[in-house]
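Participant: All residue numbers for the sequence shown refer to our numbering, where the first residue is 1 and numbers rise by one.
Glycine included, C-beta positions come from ideal geometry on N, C-alpha and C.
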Amino acid sequence: MRKMRPLLRTLLRNPSFSLTTVLIIAVGLGSTAAVFSVVDRLLFRSLPYPQSDQIVSLGITIPWVEGEMLFSNDYFHLRDHQKGVFSALTSWTGIADCDLSELNPQRLSCAQVASNFLPALGITPLLGRNFTPDEDRMDAPQVALVSYGLWMSRFGGNPGIIGDTVRINGLPTRMIGVLPPSFELPNLARADFVIPQGLAFGHYQPNQQGDGRAVRVFARLEPGVSAARALAVSSQYMFDPHMKAPGLHAVVRSLRDYQAGDVKLAAWLLFGATLAILLIVGANVTNLLLARAVARQRELAVRIALGAARNHILRQNFTESLFLTFIGALLGIGFAFALLQIFKSVAPAAIPRIQQAALDGRVLLLLVVSTPILAAAFALLITGSPITGNSTTRFRRLLTTAQIAISLVLLSISGLLIKSLSNLQSVAPGISAEGVTTAEIAVGPPRYPNAVSRQQFFETLSARLRNLPGVNAVALSDTAPPIGFVHTRPARTLHVAGRPVTGPMPPGIVAWRAVSPDYFKALSIPILEGRGFSLQDRIGQDNPVIINQSWARQLFGKQDPVGQTIALMDHTLLTVVGVAADVKNNGLAQPSDPEYYTIRKPVTDPDEGVGVRLASRAVHWYDGEAFVIVRSSARPAAIAAAICKTTAAIDPTVPVAIASMQERLATLSERPRFTTLLLSFFALVGVALAAAGLYGLISFIVIQRTREIGIRMAVGATPLQVGTLMLKHTLYWSLSGVLIGSIMTAIIVRWLRSLVFEVPVENPMLFGLAGSLMIAVAIAATLIPSLRAVKIDPIAALRQN
Numbered sequence: 001m002r003k004m005r006p007l008l009r010t011l012l013r014n015p016s017f018s019l020t021t022v023l024i025i026a027v028g029l030g031s032t033a034a035v036f037s038v039v040d041r042l043l044f045r046s047l048p049y050p051q052s053d054q055i056v057s058l059g060i061t062i063p064w065v066e067g068e069m070l071f072s073n074d075y076f077h078l079r080d081h082q083k084g085v086f087s088a089l090t091s092w093t094g095i096a097d098c099d100l101s102e103l104n105p106q107r108l109s110c111a112q113v114a115s116n117f118l119p120a121l122g123i124t125p126l127l128g129r130n131f132t133p134d135e136d137r138m139d140a141p142q143v144a145l146v147s148y149g150l151w152m153s154r155f156g157g158n159p160g161i162i163g164d165t166v167r168i169n170g171l172p173t174r175m176i177g178v179l180p181p182s183f184e185l186p187n188l189a190r191a192d193f194v195i196p197q198g199l200a201f202g203h204y205q206p207n208q209q210g211d212g213r214a215v216r217v218f219a220r221l222e223p224g225v226s227a228a229r230a231l232a233v234s235s236q237y238m239f240d241p242h243m244k245a246p247g248l249h250a251v252v253r254s255l256r257d258y259q260a261g262d263v264k265l266a267a268w269l270l271f272g273a274t275l276a277i278l279l280i281v282g283a284n285v286t287n288l289l290l291a292r293a294v295a296r297q298r299e300l301a302v303r304i305a306l307g308a309a310r311n312h313i314l315r316q317n318f319t320e321s322l323f324l325t326f327i328g329a330l331l332g333i334g335f336a337f338a339l340l341q342i343f344k345s346v347a348p349a350a351i352p353r354i355q356q357a358a359l360d361g362r363v364l365l366l367l368v369v370s371t372p373i374l375a376a377a378f379a380l381l382i383t384g385s386p387i388t389g390n391s392t393t394r395f396r397r398l399l400t401t402a403q404i405a406i407s408l409v410l411l412s413i414s415g416l417l418i419k420s421l422s423n424l425q426s427v428a429p430g431i432s433a434e435g436v437t438t439a440e441i442a443v444g445p446p447r448y449p450n451a452v453s454r455q456q457f458f459e460t461l462s463a464r465l466r467n468l469p470g471v472n473a474v475a476l477s478d479t480a481p482p483i484g485f486v487h488t489r490p491a492r493t494l495h496v497a498g499r500p501v502t503g504p505m506p507p508g509i510v511a512w513r514a515v516s517p518d519y520f521k522a523l524s525i526p527i528l529e530g531r532g533f534s535l536q537d538r539i540g541q542d543n544p545v546i547i548n549q550s551w552a553r554q555l556f557g558k559q560d561p562v563g564q565t566i567a568l569m570d571h572t573l574l575t576v577v578g579v580a581a582d583v584k585n586n587g588l589a590q591p592s593d594p595e596y597y598t599i600r601k602p603v604t605d606p607d608e609g610v611g612v613r614l615a616s617r618a619v620h621w622y623d624g625e626a627f628v629i630v631r632s633s634a635r636p637a638a639i640a641a642a643i644c645k646t647t648a649a650i651d652p653t654v655p656v657a658i659a660s661m662q663e664r665l666a667t668l669s670e671r672p673r674f675t676t677l678l679l680s681f682f683a684l685v686g687v688a689l690a691a692a693g694l695y696g697l698i699s700f701i702v703i704q705r706t707r708e709i710g711i712r713m714a715v716g717a718t719p720l721q722v723g724t725l726m727l728k729h730t731l732y733w734s735l736s737g738v739l740i741g742s743i744m745t746a747i748i749v750r751w752l753r754s755l756v757f758e759v760p761v762e763n764p765m766l767f768g769l770a771g772s773l774m775i776a777v778a779i780a781a782t783l784i785p786s787l788r789a790v791k792i793d794p795i796a797a798l799r800q801n
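1. Candidates Ile525, Val654, Leu574 and Pro490: which alpha carbon is nearest Asp537's?
2. Throw me the rounded Cβ distance for the Ala770 and Leu411 pair, which I believe falls under 8 Å.
3. Alpha helix (DSSP H) containing Gln259: first to last residue?
4. Should Thr782 be labelled buried (16 or more other beta-carbon atoms within 10 Å of its own) or exposed?
5. Less than 8 Å separating the beta-carbons of Leu78 and Tyr237?
6. Taking buried to mean at least 16 other C-beta atoms within 10 Å of its own C-beta, is Trp751 buried or exposed?
7. By how many angstroms is the C-alpha of Ile747 removed from the C-alpha of Val38?
8. Quick check on this structure: which residue in Ile55, Arg45, Phe71 and Val27 has the alpha carbon closest to the alpha carbon of Thr493?
9. Start and end of the beta strand (DSSP E) containing Trp842?
10. By how many angstroms is the C-alpha of Ala114 removed from the C-alpha of Ser87?
11. Bridge partners for Met744 per DSSP, in chain order?
12. Compare the C-beta of Leu43 against all C-beta atoms of chain C and say whether one is closer than 8 Å.
13. Where Ala690 and Pro785 are concerned, what is the direct C-alpha to C-alpha distance, given to the nearest angstrom?
14. Need the endpoints of the alpha helix (DSSP H) that Ala641 sits in, please.
15. From Cys110, Ser534, Gln106 and Leu89, pick the residue whose C-alpha is nearest to that of Asp97; which is it?
16. Between the C-alpha atoms of Phe337 and Phe323, what's the straight-line distance to the nearest angstrom?
17. Along the chain, where does the beta strand (DSSP E) that runs through Gln455 open and close?
18. Confirm, please, whether the CB-CB distance from Ala250 to Leu221 is below 8 Å.
19. Which partner residues of Trp840 appear in the DSSP bridge assignment?
20. Spatial neighbours of Trp268 within its chain, please: C-beta separation below 8 Å, excluding the five flanking residues on both sides.
21. Using 8 Å as the cut-off, can you tell me whether the stretch 461-470 makes contact with the stretch 668-687, which would need three or more C-beta pairs spanning the two stretches below that distance?
22. Does the Cβ of Gly611 have 16 or more other Cβ atoms within 10 Å, making it buried, or fewer, making it exposed?
23. Which class does Arg613 belong to by DSSP, given the choice of helix, strand or coil?
24. Which residue from Leu331, Ala475 and Val654 puts its Cα closest to that of Tyr519?
25. For a test of the three-state rule: what should DSSP assign to Met152, helix, strand or coil?
26. How would you write the range of the beta strand (DSSP E) that Asn472 sits in, first residue to last?
27. For Ala144, which residues from the same chain have a beta carbon less than 6 Å from its beta carbon, with the 5 sequence-adjacent residues on both sides left out?
28. For Gln564, write down the residues that DSSP places opposite it in a beta bridge.
29. Could you pull out every residue in the same chain whose Cβ sits closer than 8 Å to the Cβ of Phe183, ignoring the five residues on either side in sequence?
30. Note down, in chain order, each residue of its chain lying with its Cβ closer than 7 Å to the Cβ of Leu127, except the 5 sequence neighbours on either side.
31. Rounded to whole angstroms, what is the Cα-Cα separation between Ile539 and Phe556?
32. Residues in the same chain with beta-carbon distance under 8 Å from Val579, minus the five sequence neighbours each way, listed in chain order, please.
33. With which residues is Met69 paired in a DSSP beta bridge?
34. Please report the straight-line C-alpha distance between Ala729 and Arg753, rounded to a whole angstrom.
35. Examine the Cβ distances between the stretch 49-61 and the stretch 351-364 and report whether three or more of them are shorter than 8 Å.
36. Compare the beta carbon distance of Val215 and Met69 with 8 Å and say whether it is the shorter of the two.
Written out as structure tokens, the structure reads:
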């Protein structure tokens, strides 16, 4: 402690310098650590699979669907022709809500996977065994693997549960294994149970669609096979030529790229922004240390004259730099922790792995390693450079110019994203969200064992909700816009009845929803032609549909669609009774895709229902799931409580997931909003640090040229002329930084086209505004040192040695 006293005295002699240096280091290292902890999980950290770099996702990009997928028949075709390219090929059908129907019912999530899913990813159950192909059949007794989290929370970590039977959605299910704690699905979704998908013995049938299901396909590459070669070889089997269309293409990409999705470019942008902040911090601290060295010039000269060795001065500089950097790093850890919590609290759930981000040993190691490196660099720089003369002045000016240039890049890109976000939020979604509340509800066995009982529940609920005060409309839909699952059909399976089917089949897909008559009223979706659904449509023998404007234009051109008939591949006929306005169901930045609506009809046969028709698997109770959409003039909180209370009055065991339509719409822009928020934060930090750098530079010049300024004023220079002299320095290096920054921005923004919406990345007006702001900040930052210069006493200045 005694050896630290001289160091503390030296630093406390100029507390403003010490505090400023520590705070700048804390902001730089803290920001870097916080963002690195986020992007590290996404870009750099190993995935929890053996040889994860060999795992790829493959399929066809389909609008309305996140990721790539294939229809089951195409999957069978690819599976039969994949030898020599993939060492393993597997699939999963997705994840859905399911109910554990025990003494204590619980809403859970169930994932359906192929029997070779876990082995293909290199995963071994913690307890028990994996599925067998015989268990991966539609008519096989159901088995399941339980997640580690559910095993611990529900079953107390009891290894004796292997072989026990539970009821999932009313079906007896034998638990055959426990998944490891590190298990995660390729799309990072949570699954409490993993069950077979029932496609083990499916086979390719030309011109057929298998059982019609869409599957997500993953594979492990053979050694030496690249993703490009895998795409070239396999696309001929997984891509039907009739499906080709803009936006539809075969894709093979690494599992990391699949998980990152469209967030990857934004993650690299944020990572680059943190490195830019770190560079600005380094330049600022160097400027501060150089200014301090000038202030201590006489002290150091005396010490050298008294015999102080150069290595002793180096050691002292290193100790001081290390101490300041260490204190800054400690504060930076606290700042990083607070910043990370803010990131996680405002980050949308769609940002991959954001909730896993933490200041773990990997991030702390970054701080521990960077601290002495920065200290050593600062000490060597100060000790190895002359503290007077033009070389030091030029070096400091170059540092300041670099800060301005980097800050301008951050500011310009932030401006682009802000403008893009503004454009995105101004897009009309096609529905009116004000006063609309949605409730996602699912019922199933054993309390609702058939389609009739499930339908009766929703009919009773709808009738009671309509009688609530302030309710204007109540509608039911199997899916709800603007996000989430939606039914789709290949466009080639539909055609206009009576029109000869010649030439290539229509490309792409068509989305569809089953809705009640008040659906369009509840969401304020205009009916442009024809009419909406009526109660009579529910009991009639026809199949009335309402198509959206995009599909009407695609199918019928300028002809009147109302009264026309659309035929499905199974010869079902759909009669068009109306044309609805487009709804932005696949993102605000994307054009509206074809969509049609069918009417929810009463079910009279207990064995009838969408879920039963599709499959007997437990997670396919689609007719037991519905979105209740309520338009009301009541307060959102009041109507949400009323929906929950009304549901509980019918059945208190049914869970209800409430969300306002405004919340659902907000998810369409949450990713760009989060990226814009973070980059804007770094831009503001960069501008503030650049201003501090300019302040330090002008202060340094004032100190260095005090005698010269005194002489100028002694021979008649006015304060205005002295202030103008300081301003010339500011403008010279600021304009240089703006010019360099503009060139850097013009180069960088070329890679950012996919991140902006209806904003030209070559935007002279926006960049000019950013440059003007930087110059204004630079001038403001030099006011205090310039005022100090004009107040210099000529006599006192001339007395300086």
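Facilitator: Here's the rundown:
1. Checking every option, the nearest Cα to that of Asp537 belongs to Leu574.
2. Between Leu411 and Ala770 the Cβ distance is about 5 Å, and since that is below 8 Å, they are a contact.
3. Per DSSP, the unbroken alpha helix (DSSP H) holding Gln259 starts and ends at Leu255 to Ala260.
4. Buried, because 16 or more other Cβ atoms sit within 10 Å of the Cβ of Thr782.
5. Tyr237 is positioned such that its CB atom lies closer than 8 Å to that of Leu78.
6. Counting Cβ neighbours within 10 Å, Trp751 comes out exposed, since fewer than 16 surround it.
7. Distance between Val38 and Ile747, taken at the CA atoms: about 26 Å.
8. Distances from the alpha-carbon of Thr493 to those of Ile55, Arg45, Phe71 and Val27 put Phe71 closest.
9. The structure shown does not extend to residue 842, since the chain spans only 1 to 801, so no value can be given for it.
10. Their backbone Cα atoms lie some 16 Å apart in a straight line.
11. Met744 pairs with nothing; no bridge assigned.
12. The structure shown contains no chain C, having only a single protein chain.
13. Here the alpha carbon of Ala690 sits roughly 15 Å from the alpha carbon of Pro785.
14. Pro636 to Ile650 is the span of the alpha helix (DSSP H), which, as asked, contains Ala641.
15. Relative to the Cα of Asp97, the nearest Cα in the group Cys110, Ser534, Gln106 and Leu89 belongs to Cys110.
16. The alpha-carbon atoms of Phe337 and Phe323 are separated by roughly 21 Å.
17. Looking at the DSSP string, Gln455 is not in any beta strand (DSSP E); the run it does join, the alpha helix (DSSP H), is Ala451 to Arg466.
18. For Leu221 and Ala250, no; Cβs fall outside 8 Å.
19. Since the displayed the chain opens at 1 and closes at 801, residue 840 lies outside it and no answer follows.
20. Same-chain partners within the cutoff: Val39 and Leu43.
21. No contact exists between the stretch 461-470 and the stretch 668-687.
22. Because the pLDDT of Gly611 is 37, which lies under 50, any placement of that residue in the model is unreliable, and the number read from its coordinates should be weighed accordingly. Buried, by the Cβ-count rule.
23. Any answer about Arg613 is weak, because its pLDDT of 31 lies below 50 and its placement is not dependable; what the coordinates show is given next. In this structure, Arg613 counts as helix in the three-state DSSP scheme.
24. Checked all of Leu331, Ala475 and Val654; the closest Cα to Tyr519 is Ala475.
25. Three-state DSSP puts Met152 in a helix.
26. Where Asn472 is concerned, the enclosing beta strand (DSSP E) stretches over Val471 to Ser477.
27. Within the same chain, Ala144 has close Cβ partners Thr173, Met175, Phe193 and Ile195.
28. Looking at the DSSP output, Gln564 sits in no beta bridge, so it has no partner there.
29. Taking Phe183 as the centre and dropping the five residues before and after it, the same chain places the C-beta of Pro48, Ile123, Ser147 and Tyr148 closer than 8 Å to its C-beta, in chain order.
30. Around Leu127: Pro159, Ile162, Gly177 and Val178.
31. Between Ile539 and Phe556, the C-alpha separation is close to 28 Å.
32. Same-chain partners within the cutoff: Ile527, Leu528, Glu529, Gly530, Ile546, Ile547, Asn548, Gln549, Ala552, Pro561 and Val562.
33. According to DSSP, Met69 bridges with Ile60.
34. Going by the sequence as given, residue 729 is His instead of Ala. Roughly 37 Å separates the two Cα atoms.
35. No, because fewer than three Cβ pairs between the stretch 49-61 and the stretch 351-364 fall closer than 8 Å, the two stretches do not touch.
36. Going by beta carbons, Val215 and Met69 fall inside the 8 Å limit.
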